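Asker: Residue numbers (our numbering): 682 to 858.
Every residue, glycine too, gets a C-beta built ideally from N, C-alpha and C.
The model shown is predicted, which means the values in this text are computed figures rather than measured ones.
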Amino acid sequence: MTDGRKKVEKTDAEWRAQLSPEQYRITRKQGTERAFTGEYWDTKEPGVYRCVCCGEPLFDGQTKYESGTGWPSFSAPLDPGAVETREDRSLFMRRTEVVCARCDAHLGHVFPDGPRPTGLRYCLNSAALDFEAADAAGDPRAEPDAGAAGTEIGDAAGAGGAESTGPDAAASDPADR
Ligand SMILES: [Zn+2]
């Protein structure tokens, strides 16, 4: 399953040149951004989160949920082989580090207190991710009228649960991945 995934290896200097100081500190030096400061902790739009270092798609917005921690949290990776885990005993704690399987970028940690069905909480740093909104990915059947507005229909039509029964939700479900 991992044979198709070529490892990306770069020198420290190359990573430093490619990334912003914050991205470099977090992904290459096992850093952690401050809670509620990252770009994506509150992002709810559908789309794919890629590794900021190598561009590999790692997490789907469908598995993102509100954990209340101030960091983007997911219940599962996009693909089981997309990320790898390692034991992390730093800071006098015993945690499980999550890294990009392709380039070893530090993404965050995974904890066993997530929602069902996985029971996992992938607690990640926004700075390690690059979000690609679903409609920016070039879906030819993007909604014609709601186009630009981010929160569109839900607000206009009231809170009747329109978001889960919308035509788009139904259409995009089986497609998954
Ligand atoms: Zn990567």
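Measure the C-alpha to C-alpha separation of residue 798 and residue 745 and round it to an integer number of angstroms.
Answerer: By one-based count along the sequence shown, residue 798 stands at place 117. By one-based count along the sequence shown, residue 745 stands at place 64. Answer to the nearest angstrom: the Cα atoms are 13 angstroms apart.
Asker: What does a CB cutoff of less than 8 angstroms around residue 713 pick up in its chain, not counting 5 residues either side in sequence?
Answerer: Looking up residue 713 in the sequence shown gives position 32. Here the set comprises 707, 789, 806.
Asker: Confirm the yes/no value for this check: CB of residue 737, any heavy atom of ligand 1, distance under 7 angstroms.
Answerer: Here the question's residue 737 lines up with position 56 in the sequence shown. For ligand 1, at least one heavy atom lies less than 7 angstroms from the Cβ of residue 737.
Asker: Do residue 689 and residue 783 have their beta-carbon atoms positioned less than 8 angstroms apart in this structure?
Answerer: Counting from 1 along the sequence shown, the entry for residue 783 is found at position 102. Counting from 1 along the sequence shown, the entry for residue 689 is found at position 8. It is a contact, given that the beta carbons lie within the stated cut-off.
Asker: Okay, do the segment 732–743 and the segment 693–708 touch, 3+ Cβ pairs below 8 angstroms being the bar?
Answerer: yes
Asker: Is residue 786 a contact residue of ligand 1, with contact defined as CB to any heavy atom under 7 angstroms?
Answerer: As a first step, residue 786 is located in the sequence shown; it is residue number 105 there, counting from the start. Relative to ligand 1, the beta carbon of residue 786 is positioned inside 7 angstroms of a heavy atom.
Asker: Considering only the alpha carbon of each residue, which of 771, 779, 753 lies closest to residue 765?
Answerer: The residue labelled residue 765 in the question sits at position 84 within the sequence shown. It is 779 whose Cα lies nearest to the Cα of residue 765.
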